[in-house]
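**Q** Top line first, the protein sequences correspond to chains A and B. Quick note on numbering: our numbering labels position 93 of the first sequence as 93, and the sequence is numbered without any gaps. Just so we're on the same page, our numbering is the position in the second sequence counted from 1, plus 218. By construction, the Cβ of each residue, glycine as well, lies at the ideal position given by its N, Cα and C atoms. Quick caveat: nothing in here was measured; it's all calculated off a predicted structure.
There are 2 protein chains.
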Amino acid sequence: MPARTGRPPRISRADIVAAAHRVIEADGVGGLTMRRLAKEVGSTPMALYHHVRDKEELLLLLLDEYAAGLPRPDLPADPRERVVVVALAMRDGVAGCPWAVDVLRADDLLAVGALWYPEKIIDAALDAGLTAERAVHLYRIIWHYTAGEIAVRAAAGRRREEGGPTYRDQVFAGLDPAALPRLAALGGRWAELTAADTYELGLRALVDGLLPRPRATG
Amino acid sequence: MPARTGRPPRISRADIVAAAHRVIEADGVGGLTMRRLAKEVGSTPMALYHHVRDKEELLLLLLDEYAAGLPRPDLPADPRERVVVVALAMRDGVAGCPWAVDVLRADDLLAVGALWYPEKIIDAALDAGLTAERAVHLYRIIWHYTAGEIAVRAAAGRRREEGGPTYRDQVFAGLDPAALPRLAALGGRWAELTAADTYELGLRALVDGLLPRPRATG
DNA sequence: ATGTCTTTTTATACATGTATAGAAAGTAAC
DNA sequence: GTTACTTTCTATACATGTATAAAAAGACAT
C-alpha cells in the first residue's frame, strides 16, 4: 500500500522516457537536453529530476530499452562458436546505438535489457567446461575488448565528422624514423590498415585461448 | 622568417601547460577549469583559446607529456613475451593516469609521447613473422582490449567513490532465474569474481592466438 | 604622427547540467 | 474549515566550456 499522500505527480518516468524518444527521433541524441526534454513533456527542467537521478540515468534507461530490443541470434551447439556468435551480436547491437558509448563506461554490464548476452556467453563457457570463475573472466575479457573496440570506433567516427586532419595524420607527419622505424616504415598505410574490422579476429583469438580445446572428433 | 607583426603574446602554450600542471597538482584534474587555469596563468579564459583549440587538446598535451615519461621496460628477446611485456607496461601506464580515460577515446593511438608502445608491439609482431598488415591488426586489437579494460575499470572506480549501491548490485537483485539461470546462479559472487585483474589473461590469449606459434625448441 | 594591418587579449553572452529554496497541491488529523 | 505533513513542481542561481565581437598592442608604410 504505497503512501497516497503528497502532491499528485503530473509526469512520470515513463512520460519522460517516451518524450526522450521523441526528441531523439527528431533531433538526435545531441539534441536531447534537459530543457528541451522538459518542454517536450510540458514541464520544467528540474521537475525531471524527481523522476530521474540525472541525465546519465535517463540515458541508461533509454539504452536499456534499446538493448532489450536487440536481436538474439540463433545459437549454434558448439560452445566456442556460440561465444563468437553472441559476442558479434553484442558488438553489432551496441555499435548500432552510437550514443551508447557515452554510457557504457558504466560497468562491466551493458544494461539490464542486455543481460542476455553475458548469460549466453557464460552459459557457453560453462558448457565448454570452464569453472564459474573462468567463465566470468572470459565474459569480462570479451566485454572489455568489445567496449574498447566500440569506444575507439565511435571516437574515430566523431573526429571524421568534424573534418580537418586526423590526429594520427599529424602524428605520422612528424615521425622520427630513427626512434620509431616500424611506424615510420608503415607511413601513410596506417589509415588503410586500421580501416579493417578486426573485431572478429581478436574475438576468435580470445575464445581460442580461453576456452579448453575441443576433443578431436572421433 | 616568421611574421613579426601583431600584438605580442603575453602567454604561450608552454605557460598554459605548465600552469595546468600546477592546477592539477593542487586540485586534481577535476579542478582544472578554463577559468581557474586562466587565473593561474594570469590571463582570461578566452585568451587560452588562442593557444589551444579547446580543453580536449589541452588534456591531450598533458597526456602527451605524461605518456612521454612512462617507463620503457627492458624487452625480452622472445617476440611473444615482448608483446606481453609492452602491453602490460602500456596498461599500467595509462591506468596510472586516471583522467587519461577521458581523452583516450581519441583514436587508436594513445599519444605521440607514447608511440613507443605501438612501435615495439608492431616490431615484435614483425619479428615473429607477421605481415605488416597483420602486425598492425594485432596492435589495434591489443589497444582496443586495453582501452576497454581501462575505461571500464575507471568507470567502476568512479562509481565506487560516489557510494551507494552499484548498478550491478541492483541488476543482480532483481534477476529472473528462469530467463537468466547462469547469472542468477552466480548471484552475489559477481562482485568477487569481477574483482580479479584479468588483463594479462586476455592479453596472453590474444598473443597466443594472433602470433604464429614458435617452432618447438629442438 | 597617422592610419592600416595583424595578432593577441578581453568582455560579454549563451547553452548546458544541476544545486538549492521555496511554492503548490494534494491527504489526514482535528 | 484549519492545520500539519508529504510529495511534486517551479524559479532562480551557479559553474562550466566556448562562441562572438570588440578592444588593445605592436609593426609598417606614408
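#1: For a contact defined as C-beta to C-beta under 9 Å, what are the partners of A:A132 on chain B?
#2: In angstroms with no decimal places, state the Cα-to-Cα distance between B:V312 and A:I24.
#3: Check each residue of the segment 219-247 of chain B: if its Cβ is closer than 8 Å to any Cβ of chain A, include it; give the result in chain order.
#4: Give, in chain order, every unbroken run of the alpha helix (DSSP H) that is at least 4 residues long and sits entirely within the segment 265-331 of chain B.
#5: Does DSSP put B:D415 in a helix, a strand or coil?
#6: Classify A:A19: buried if its beta carbon has 16 or more other beta carbons within 10 angstroms, exposed otherwise.
#7: Would you verify that the beta carbon of B:Y363 is, or is not, closer than 8 Å to some beta carbon of chain A?
#8: Between A:G218 and chain B, is there a C-beta pair that is closer than 8 Å?
#9: With 16 other CB atoms within 10 Å as the buried threshold, where does B:G420 fall?
#10: Suppose you measure from the CA of B:V389 to the CA of B:L404; what does that come to, to the nearest Å?
#11: Would you mind telling me which residues of chain B sit closer than 8 Å to A:L201, beta carbon to beta carbon, in chain order?
#12: Output yes if chain B places a C-beta closer than 8 Å to the C-beta of A:L206; else output no.
#13: At a Cβ cut of 7 Å, what residues of the segment 322-348 of chain B count as close to chain A, listed as they run along the chain?
#14: Less than 7 Å between C-beta atoms, sequence neighbours within five positions excluded: which residues of the same chain meet that for B:V354?
#15: Tell me which same chain residues have a C-beta within less than 8 Å of the C-beta of A:D176, skipping the five on either side of it?
#16: Below 8 Å between beta carbons: does that hold for B:A350 and B:V301?
#17: Within 8 Å of any Cβ in chain A, is that where the Cβ of B:T251 sits?
#18: What's the gap between the Cα of A:K120 and the Cα of A:H51?
#19: Could you check whether the Cβ of B:T416 sits closer than 8 Å to any Cβ belonging to chain A?
#20: Quick check on the burial criterion: 16 or more other C-beta atoms within 10 angstroms. Buried or exposed for A:P221?
#21: Have a look at B:L280 and A:P71 and give me their C-alpha separation to the nearest angstrom.
#22: Straight-line CA distance for A:V112 to B:A346?
#23: By alpha-carbon positions, which one of A:G42, A:L60, A:E149 and A:D92 ends up nearest to A:P9?
**A** Let me spell this out:
#1: The answer, in chain order, is R400, A403, L404, R407 and L411.
#2: In a straight line, the C-alpha of B:V312 is about 34 Å away from that of A:I24.
#3: none
#4: Runs found: 273-286, 297-313 and 318-321.
#5: coil
#6: buried
#7: Chain A contact via Cβ: present.
#8: Confidence at A:G218 is low in this model, with a pLDDT of 45, below 50, so its placement is unreliable and the value that follows should be read with caution. No - not a single Cβ of chain B is within 8 Å of the one on A:G218.
#9: buried
#10: 12 Å
#11: Under a criterion of Cβ atoms nearer than 8 Å, the residues of chain B adjacent to A:L201 are, in order, H355, I359 and L428.
#12: yes
#13: R323, A324, D325, D326, L327, V330, L333, P336, E337, I340, D341 and L344
#14: I340
#15: A184
#16: no
#17: It does not: the Cβ of B:T251 has no partner Cβ on chain A nearer than 8 Å.
#18: 33 Å
#19: yes
#20: Nothing about residue 221 of chain A can be reported from this structure: the residues present for chain A run from 1 to 218 only.
#21: 42 Å
#22: 42 Å
#23: Closest by alpha carbon: A:G42.
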